[in-house]
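4 protein chains.
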Amino acid sequence: MSTHPTGKPTGRPRSAQADLAILDATRAALVALGWGKLTMSDVAARAGVAKTTLYRRWANKHDLVVDAVAILFDELELPDRGSLRADVEGVVLQFAALLERPEAKTALMAVVAESTTDAALRLRVREAVVNRQKRLVVAGRARAQRRGEIPPDPAGSDPAPQIDLIFDVIAGAVIHRTLVTCEPIDADWAERFTAVLLGGLTAPLDGQNRAGSV
Amino acid sequence: MSTHPTGKPTGRPRSAQADLAILDATRAALVALGWGKLTMSDVAARAGVAKTTLYRRWANKHDLVVDAVAILFDELELPDRGSLRADVEGVVLQFAALLERPEAKTALMAVVAESTTDAALRLRVREAVVNRQKRLVVAGRARAQRRGEIPPDPAGSDPAPQIDLIFDVIAGAVIHRTLVTCEPIDADWAERFTAVLLGGLTAPLDGQNRAGSV
Amino acid sequence: MSTHPTGKPTGRPRSAQADLAILDATRAALVALGWGKLTMSDVAARAGVAKTTLYRRWANKHDLVVDAVAILFDELELPDRGSLRADVEGVVLQFAALLERPEAKTALMAVVAESTTDAALRLRVREAVVNRQKRLVVAGRARAQRRGEIPPDPAGSDPAPQIDLIFDVIAGAVIHRTLVTCEPIDADWAERFTAVLLGGLTAPLDGQNRAGSV
Amino acid sequence: MSTHPTGKPTGRPRSAQADLAILDATRAALVALGWGKLTMSDVAARAGVAKTTLYRRWANKHDLVVDAVAILFDELELPDRGSLRADVEGVVLQFAALLERPEAKTALMAVVAESTTDAALRLRVREAVVNRQKRLVVAGRARAQRRGEIPPDPAGSDPAPQIDLIFDVIAGAVIHRTLVTCEPIDADWAERFTAVLLGGLTAPLDGQNRAGSV
DNA sequence: TTCTAACCGAGACGGTACGTCCGGTCTTCAA
DNA sequence: TTGAAGACCGGACGTACCGTCTCGGTTAGAA
C-alpha cells in the first residue's frame, strides 16, 4: 500500500488521481517491458508524474509493483458450481487465466524472487497477495463440507494447516505449470488435476472418477 | 550451457578450468550476496578471471546462473524406501532441503522471473533445470506400478501428461510452500502432503491413511 | 565550455561548484598522471563528483581537457618592457614557462593530436586556446608601431594576415623547441630567437644586433 | 625500427614481407581512422597478419606508428632553386604538403603528444623523425653561405645552436600553421614567412624585400 | 632427409577504461 | 505541503582495446 502521511494533514493534499495513474502506468509498463526492463522513470513518464511523486508514496520498485498487481489477485472468486469438483476446476482455470496476463506473471515471479532475500518484501507479498487468496480455499472447503463431499473438521482440531496445505497444492501446481513448466492450462488439465487432488494417485483413473459427479 | 564456438577449433582453446572456477564462483556469490547483489565483476573477481572471460561464455547474468545452479538440481535422487508413500515423502524432503539452500532458492526464482519475458531463457531453464527432474516422477511411478500401488498404464495410453501433472503438483507444492508462502517444510508437512497426493481430499484423514503402511 | 542546457531553466540547477571542482581535478590529474593515464573516473573521484556529472557537461575527455587548460593560456600577458625586443623575449620566456608545466604540455599536444581527426574539437581548441593568444601579438605590434620600431600599417591594408604569421612563427618556434625538439628554452635562446625574428637571418649576428636596443 | 633479434639467427627467419605489409597497413589505418581509432587488431587484419607478428617486431602502438611515418619525413629534400629565399620557400611548401597528408599529421601529433610523458618514445621520435630533418637546414645554410647570402660562421664558433634555432623556427611555424592554427599554407604564406625569416620584422615589407631576388 | 628452433595465424586471456543506464535522493520553482 | 523537472551520487552494465599467452601448424637452415 502506498505510504500515506500520518498526523494531521496540512498543506496541499496528495492527488488521489496520481495514485491511480501510477498504478495503471505500472501495470502498463509491466505488460510492455516486463519486470527487468521496467524503470521508475518510465513509470513516472507514463503516469505523467515526477519520480518524486512515486517515491513519496512507495519506498522502492518492489513495493510499487506489489501494490500494482495485488488488486489483480483480488479479482479471483469462487462461484458455487454445485460440486467441489466443479468449484476446484473453476478456480484453477480462473487462476490460470490470471497468470496468463503478462503483468501478473512477470510481477508475481519478480516480487517472489526478490522476496527470497528481502524479509520485509516477503511479508508484504504474503499480506497483499498470497494469504488473501486462502479465502478461496476456506470458502470452497466449507461449502464442500456442507455438501458432505468431504468430512467435517474433527472437534478440537485446527483446520489451518490443512487449509494451508491445500492452498499450496492448488496454487503451486497452477503456478508451476504456467510459469515454470510453461505449458498452458486448459480444461483437460484442470479436470485431471482436480481428479488427483480429490481422489489421489492411487485411485483408478476411470471415467467415473474423472468426470462424474461426486 | 556456456556458448562454445562451433567449427573447427583454431587459436588458443578455452580454459576448462576457467569454466569451473566461474561456476563455483557464481554459486559462492549467490550464497554470499543473493541474486540481487550479485554482479558479473564480483563473480569474475572470485573466479580469478577477467570479465571478458565471463562474457565470452555467457551472454548475461541469467544464463550464467542457470548453468551454475542446474547441477544442484541434478543432485536429487530417489532411493527406494519400500513404498510409494515413503518415496514421495523422501523426495519432497530432499527437494525442500535443496530449496533451503540460498543459492538454489534465489537463483531458481530469479531465472524463472526473468524467463517470463525471455523466451530463450525460458527454454534454457526448462532444459537445464526443470524437465530433467521429471526422471524422479518417472522412476517413482514405475516402481509403484511394479509394487502394485498404482494401476499400470492402460494399453495404448500416453503416460506423459500424467507424469507432467504429477511433477507439477509435487514440485509446485514444494516450491510454493518454501518460496511463496515461505513456510518451512518439515516431516509433518511432507506426510500430510503425501497423504493428499496419494489419497485425495475426499478420503478420510485418519491415522491409518496418514501414517500407516500402504 | 561545458554544455549547459538551453531553454528556460527548470528543475534543479547545475552546481557551479561542481564545474570548478571538476576543472581543478582535471588539472590535478593531468599533473599527476599525464594525459595518457588520465581517466574520467579518476577525475570524478578527485572532484568528489559522480561520473554522470562529468558526462552531463562534457561529452568526452578531450572536451573536458580543453576547458581545463584553456584558462592556463589566458594567464599570458605582455608587460611593457620598453622595447619590442624585450617584449618579445619576455613573452617567449613566459610561454616557455607555461609549456614546462606538465598539465599544459601534455594537454595541449593531446588535444591538438586529437583535433587532427575531429573537426568539432579543432574548432573548440582554436576558440578556447589558440586564437585568444593573438591578442599578445596585436598588443605588442601596436606598441612597437607607437614606438616607431616597426613601420605602421600601410593605409588600406589588412594587418590580420601579418598578425597571424607572426603568431605562428613565435608560438610555433616555442612549441617546437619545447615539445618536439624537447630542449629547454632559456634566456639565451630567447635572445637569439628574437634577434632572428626582428632582424632576419641575413643580418650579421653581431653583438649590437643581438643585445643592443634597436 | 622494428626490433629484430640479436645473436646468431636460427630457426625460421622473419618475413620481410610482413614488415612492409604492417607498415603499409599502419599508414592506411591512420588515413582511414586517425590515431585515436586505430587499433592493433585492425592493423593486423589489414596486413593479413596476426597480432603476435606485430608485437614480435614493435613493443607497442606508438613505436609502430613512429616507424610507419618516419619514412614519410625522409622524402623531404632541398633542390637548389638558386637563392636562399627560393630554397626556403620550397622547403616550406614541401613540408606543408607533407603535413596535409592525414597519416603524417595525425601520426606526428599523436607521437609528440604521447612523448610528452614517455621519455623513451621522445628519444625515438627525435632520432627517427625530427633530428633527421636538420640536414635540410644544414644544407640550405651551407649553400647560402657559399652564395654569400648569409655571413660565414665565425671561426671557432659552434654553428649547431643556430642550426637548431632555424630548424625550430621553420618547422615550428609550418607545424603551428597547419596543425594548430589549422590554416592551409599556400605560396603567398610561404613567401611572407620567408620574408620575415630572412629580413626580420623591422625591415620594411616592400615589394623589393618581399618578392625580389636577393 | 630429418631435426629443430623460430616463425606464423588464430584467438583466448587478464586487465582496465569507456560511456550508458538506472535506483533512489536532493534541490529548485511554482501551484 | 505537493508536484514537476531534472541534477545529483553511486555503482553495475556490457563493450572495446591493449599487450600477453597458448594452441596447432609451417618453414627455413643445420645436422
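Just so you know, the sequences run in chain order A, B, C and D. Taking numbering that gives the first Met the number 0, the leading residue of the first sequence gets 0, the next gets one more, and so forth. Taking numbering that gives the first Met the number 0, the leading residue of the second sequence gets 0, the next gets one more, and so forth. Taking numbering that gives the first Met the number 0, the leading residue of the third sequence gets 0, the next gets one more, and so forth. Taking numbering that gives the first Met the number 0, the leading residue of the fourth sequence gets 0, the next gets one more, and so forth. Note that beta-carbon positions come from the ideal geometry of N, C-alpha and C, so glycine has one too. Please read all numbers here as calculations on a predicted model, not as lab measurements.
- Between the stretch 90–110 of chain D and the stretch 33–41 of chain D, the count of C-beta pairs closer than 8 angstroms reaches three or more; the two stretches touch.
- Look at the stretch 116–129 of chain C: the residues with a C-beta under 7 angstroms from a C-beta of chain D are Thr116, Arg121, Arg125, Val129.
- Rounded to whole angstroms, the separation of the alpha carbons of Gln161/B and Arg145/A is 31 angstroms.
- Against chain A, a Cβ distance below 8 angstroms from Arg191/B picks out Pro160, Gln161, Leu164.
- Relative to the Cα of Asp86/D, the nearest Cα in the group Ala24/D, Glu190/D, Arg56/D belongs to Glu190/D.
- Contact annotation for Met108/C against chain D: Met108, Val111, Ala112, Thr115 [CB-CB distance below 8 angstroms, chain order].
- For Thr51/C, the enclosing alpha helix (DSSP H) has its first and last residue at 50–56.
- Pro101/B carries a helical assignment under DSSP once its states are collapsed to helix, strand and coil.
- For His61/D, the enclosing alpha helix (DSSP H) has its first and last residue at 60–72.
- Non-local C-beta neighbours of Arg26/B in its own chain, meaning closer than 6 angstroms and more than five positions away in sequence, comprise Ala67, Glu102, ordered along the chain.
- Legend: CB atoms of the stretch 170–185 of chain A lying less than 8 angstroms from CB atoms of chain B belong to residues Ala170, Gly171, Ala172, Val173, Ile174, His175, Arg176, Leu178, Val179, Thr180, Cys181, Glu182.
- Spanning the alpha carbons of Asp167/D and Ile174/C requires a straight line of approximately 9 angstroms.
- Of Arg100/A, Ala96/A, Val90/A, the smallest CA-CA separation from Lys133/A is found for Val90/A.
- Judged by their CB atoms, Val42/B and Ile21/B are nearer to each other than the 8 angstroms cut-off.
- Cβ proximity to chain D below 9 angstroms picks out Leu32, Gly33, Trp34, Gly35, Lys36 from the stretch 28–51 of chain C.
- The continuous alpha helix (DSSP H) containing Ala118/C extends over residues 118–124.
- Setting aside the 5 residues that flank it on each side, Asp73/D is surrounded in the same chain by Arg131, each with a C-beta closer than 7 angstroms to its C-beta; the list follows chain order.
- Following the DSSP letters along the chain, one finds Ser82/A in no alpha helix (DSSP H), marked with neither H nor E.
- Using a 10 angstroms sphere on the CB of His3/B, the tally of other CB atoms stays under 16, which defines it as exposed.
- Contact annotation: Val48/B and Ala17/B have beta-carbon atoms nearer than 8 angstroms.
- Taken through DSSP and simplified to helix, strand or coil, His175/A comes out as helix.
- DSSP, reduced to helix, strand and coil, places Gly6/B outside both helices and strands of the structure shown, so it counts as coil.
- The DSSP-derived three-state label of Leu75/B is coil.
- Judged by their CB atoms, Ala172/C and Gly171/D are nearer to each other than the 8 angstroms cut-off.
- For Thr193/D, the enclosing alpha helix (DSSP H) begins and ends at 186–198.
- Glu126/D and Ile165/D have their alpha carbons spaced roughly 18 angstroms apart.
- Residue state for Pro160/B is assigned as helix, using DSSP reduced to three classes.
- The beta carbon of Val136/D does not come within 8 angstroms of any beta carbon belonging to chain C, so the residue lies off that interface.
- Counting other Cβ atoms within 10 Å of its Cβ, Lys50/A stays below 16 and is therefore classed as exposed.
- Scanning Asp157/D, Val128/D, Ala44/D, Leu92/D for the CA closest to the CA of Val64/D turns up Val128/D.
- Just so you know, the alpha carbons of Pro78/D and Pro8/B end up roughly 58 angstroms apart.
- In the displayed model, Glu182/A falls within coil according to three-state DSSP, outside both helix and strand.
- Where Gly139/C is concerned, the enclosing alpha helix (DSSP H) starts and stops at 133–146.
- The continuous alpha helix (DSSP H) containing Ile21/A extends over residues 15–36.
- Relative to the Cα of Glu88/D, the nearest Cα in the group Asp185/D, Arg13/D, Leu97/D belongs to Asp185/D.
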